[in-house]
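Chains as they are written, first to last, in this note's numbering: chain A, 1294 to 1621; chain B, 200 to 720. Even for Gly, the Cβ is constructed at its ideal location relative to N, Cα and C. To start, the structure itself, in structure tokens.
Put into structure tokens, the structure is as follows:
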């Protein structure tokens, strides 16, 4: 008798949770507000513009979803982004005379490797060095930022003129009308969701963040899982950098400044628990979009000064956390 | 159920010849969460200078009752009376102000603060706006020695062993004069000698005229302590009896509501002579714990000893969860690389004593918990196969009789007994040949206990070997074919056959000479 009851329970569909829908409802509300405030908000060019601009934060935030859900935190993503961008431009400029436009491909490859290595450095400091992720990445954040400032001599590192035209479509191009950065974001999110929700690694990531001791007693190498998460974060930063270079055509000491805050905000309002364990990749994307839509609305409407964008985003993260607590 | 006739009728004989109104009385007390009633129509009383035990299986409503009495939860029916006057506690602070305090089951202390700072947390003594550490330390020392705690007021709580922390928690409750003290399983984490000290503390309270409510799973303690016993079952009060008339067996049967079969399965035929696991010169934590032992197919090897004798450490070292070295032969093959996953592949698993801290992901559903240690079994070509996973869960739920409303609940929402069965199912996923179970039934009720004993019995009957580490002597003695006793990080005795008795285990675990059952392996 007991068995039959249990089999029914097993077959019952997963209970719908409103809290899981939070980020998407919030996004819908923000968009609705946009439509009511300004008729040009919903125009094709504006929407494309908003989504494209959110691509960098979204891509990096997918990596951050891995790091945070595995129980880590990475404050260095903004300056890592600037550093990787600088290395890539220098590589491309050096190779352009001999390779022409192919220098872009090699430069992108170098960027991915450097990003992965930066992530590996963060990961090893945290796991082998046993330093709190907050402190470890605070340190590397300073290091990466200083390196780009030093490499650019306090100015900027522009990309070679000959490479601008062939590289341009990576940010400004589109496929069937969809901007290329949006497609790239979608690919990164799909891969991220696949790894997190369908593979052993994703499961271990969740376990390590939910309770590291349980993971250890279950034969999961928590150090390896967390280090890998930082490497994934580094690769995501490099992907964002590849897409970012053609936008401004240069790396400067202010490239990516304070992005770490936007990235963590996107992850957290997307429903991923900052203490680890719960990963919500699609929520992260919604979070990145919410931030960008709000910035866009403030520029479009004249109600609030756009200088206050960061303040409004700050209010959003606090409201999101409060909502999360009370819905639960 | 002949017992029902031989027992006194609840309530009638329970009235003791005292004129004074009870210190605390409940009148038709009940609690419902929405449509779900967890407790109804509880009418019990506790008098000054009396120890009144509350027993019942997990889920019987004991914890809810304690929370109602101590103001942590508000009743949805009935009310409380103190000394004949109706009272209501808005919160725990109001209850404490009225002289009613609950000593929590879980350790709720700030690990980074000192013992004295913890004792006076939220009620610090001051002298001219400056905290008066000297006076607080003085009073702390007095209360600590009164309850037999061996820690110093300036010790950092986080550095104390679990048992001492439990005593600090009790000291905190007893710092001020109390009328009613409620203990919620105070001995769950204590070893036998510590239990004895704690029972003395409880008796001391009775002599001071305090009314004591005492909840415990350990019926021997209840028998030793209680003046009266109230039994709860399925959220209802079954009755109150004078303790003198109830044996432990009576209590167990009243809790379960049916005759118990033999709690422990009968001992099995002699195990095979060739060991399945041979451990030589295992040295853990740089020599703090050492041991050599072997276990045979079809055998339950018990590991006894006081808490802190190194039992858990020895096996965590074996599993590579602590720094350790040694030689290991499993199924005739030398195991070189030691890690939880390497041991699992070789056919040995370990079930931790710390179910909530090291065993289960409490915030995750059952399926990921079940498969965390053996994901390859539910893995398709490229990804985890959700269908295989839910089939595995259905099988585990049926095999181990895990009772859940929905399999989508988080593991933390299960009762202790069901959590333990889930944990058992988790480590059994790979069908190991040696299973090490640390405290198989800690904090779970008697029905689940007997089921877990059955699983262990089935396991060894199927030719597997089982190592059981247990602080509960009846369990250790009832289950084991052979017992190794540890003291101060060493294996000091090996008992087998008729030597396996509670007295011998206690003797070897506590006494200087370990000759009682010493045998060469």
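- Message: For a contact defined as C-beta to C-beta under 7 Å, what are the partners of residue 1515 of chain A on chain B?
- Response: Those do not exist, as residue 1515 of chain A stays about 11 Å from chain B at its closest Cβ, beyond 7 Å.
- With a 10 Å radius around its C-beta and 16 neighbouring C-beta atoms as the bar for buried, classify residue 1367 of chain A as buried or exposed. buried
- Taking only beta carbons into account, state which residues of the segment 469 to 485 of chain B come closer than 7 Å to chain A, listed in chain order. Taking a C-beta cut-off of 7 Å against chain A, none of the residues of the segment 469 to 485 of chain B qualify.
- Query: Is the CB of residue 1510 of chain A under 7 Å away from at least one CB in chain B?
  - Reply: yes
- Query: Of all the CB atoms in chain B, is at least one closer than 7 Å to the CB of residue 1365 of chain A?
  - Reply: Nearest CB-CB separation between residue 1365 of chain A and chain B: not below the 7 Å threshold.
- Contact belief for residue 1378 of chain A with residue 1574 of chain A at Cβ below 8 Å, rounded distance in angstroms: That pair is no contact at about 24 Å.
- Query: With which residues is residue 254 of chain B paired in a DSSP beta bridge?
  - Reply: B/430
- Message: Among the candidates A/1529, A/1565 and A/1568, whose CA atom is the shortest distance from the CA of residue 1402 of chain A?
- Response: A/1529
- Message: Between B/570, B/487 and B/464, which has its C-alpha nearest residue 141 of chain B's C-alpha?
- Response: What is shown of chain B runs 200 to 720, which leaves residue 141 of chain B out entirely.
- Within the segment 1435 to 1476 of chain A, ranges of the alpha helix (DSSP H) (whole runs, at least 4 residues): Every alpha helix (DSSP H) of 4 residues or more that sits fully in the segment 1435 to 1476 of chain A is shown, in chain order, as 1454 to 1460 and 1462 to 1465.
- Where residue 1313 of chain A sits in the DSSP three-state scheme: helix
- Message: Output needed in chain order: residues of the segment 527 to 554 of chain B with a Cβ under 7 Å from some Cβ in chain A.
- Response: 538, 539, 540, 543 and 551
- Using CA coordinates, which residue listed in B/602, B/576, B/295 and B/582 is at the minimum distance from residue 590 of chain B? B/576
- Query: To which residues does DSSP link residue 438 of chain B through a beta bridge?
  - Reply: B/430
- Identity of the residue in B/628, B/672 and B/278 nearest residue 506 of chain B by Cα: Of the listed residues, the one whose Cα sits closest to residue 506 of chain B is B/672.
- Message: Could you tell me the alpha carbon to alpha carbon distance between residue 639 of chain B and residue 1512 of chain A, rounded to whole angstroms?
- Response: 20 Å
- Task: Return the residue from the list B/658, B/231, B/250 and B/641 that minimises the CA-CA distance to residue 425 of chain B.
- Result: B/250
- Identify whether residue 1600 of chain A lies in helix, strand or coil by the three-state DSSP scheme. helix
- If contact means a Cβ-Cβ distance below 9 Å, which residues of the segment 221 to 243 of chain B contact chain A? Result list empty, no residue passes.
- From this set, A/1578, A/1423, A/1592 and A/1561, which residue's C-alpha is nearest residue 1613 of chain A's C-alpha? A/1561
- Note down, in chain order, every chain B residue with its Cβ under 7 Å from the Cβ of residue 1504 of chain A. 560
- Query: Quick one: is residue 1423 of chain A near chain B, going by C-beta distance under 7 Å?
  - Reply: no
- Unbroken beta strand (DSSP E) runs of length 3 or more, entirely within the segment 235 to 312 of chain B: which are they? Counting whole runs of 3 or more residues, the segment 235 to 312 of chain B contains the beta strand (DSSP E) stretches 235 to 241, 250 to 254, 276 to 281, 284 to 286 and 299 to 302.
- Task: Tell me, please, whether the CB atom of residue 1689 of chain A is closer than 7 Å to any CB atom in chain B?
- Result: Because chain A here runs from 1294 to 1621, residue 1689 of chain A falls outside it and cannot be looked at.
- In whole angstroms, what is the alpha-carbon distance linking residue 312 of chain B and residue 326 of chain B? 20 Å
- Message: Per DSSP, what are the beta-bridge partners of residue 695 of chain B in this structure?
- Response: B/681
- Message: Going by C-alpha to C-alpha distance, which of A/1605, A/1451, A/1372 and A/1498 sits closest to residue 1565 of chain A?
- Response: A/1498
- Task: Can you give me the Cβ contacts of residue 711 of chain B inside the same chain, cut-off strictly under 6 Å, excluding the 5 residues immediately before and after it?
- Result: Legend: pLDDT at residue 711 of chain B = 47, less than 50; position of this residue unreliable, value from coordinates given subsequently. Counting only Cβ-Cβ distances below 6 Å, and skipping sequence neighbours, we find nothing.
- Query: Is residue 208 of chain B helix, strand or coil when you go by DSSP?
  - Reply: Note that residue 208 of chain B scores 45 on pLDDT, short of 50, meaning its location in the model is unreliable and no value can be drawn from it.
- Can the beta-carbon of residue 454 of chain B be found closer than 7 Å to that of residue 475 of chain B? Not in contact: residue 454 of chain B and residue 475 of chain B (Cβ atoms no closer than 7 Å).
- Report yes if the C-beta distance between residue 1407 of chain A and residue 1380 of chain A is below 7 Å; otherwise report no. yes
- Item | chain B contact residues for residue 1560 of chain A, given Cβ-Cβ distances below 9 Å | Neighbours of residue 1560 of chain A on chain B: none; closest Cβ ~18 Å, over 9 Å.
- Identify the continuous beta strand (DSSP E) that holds residue 1416 of chain A and give its terminal residues. Per DSSP, residue 1416 of chain A belongs to no beta strand (DSSP E); it is in the alpha helix (DSSP H), 1395 to 1420.
- Task: Closer than 6 Å by C-beta to residue 252 of chain B: which residues in its own chain qualify, once you throw out the five before and the five after it? Chain order, please.
- Result: 413, 421, 425 and 428
- Item | Spatially closest choice to residue 573 of chain B from B/540, B/438, B/320 and B/664, by CA coordinates | B/540
- Query: residue 565 of chain B CB to nearest chain A CB: under 7 Å?
  - Reply: no
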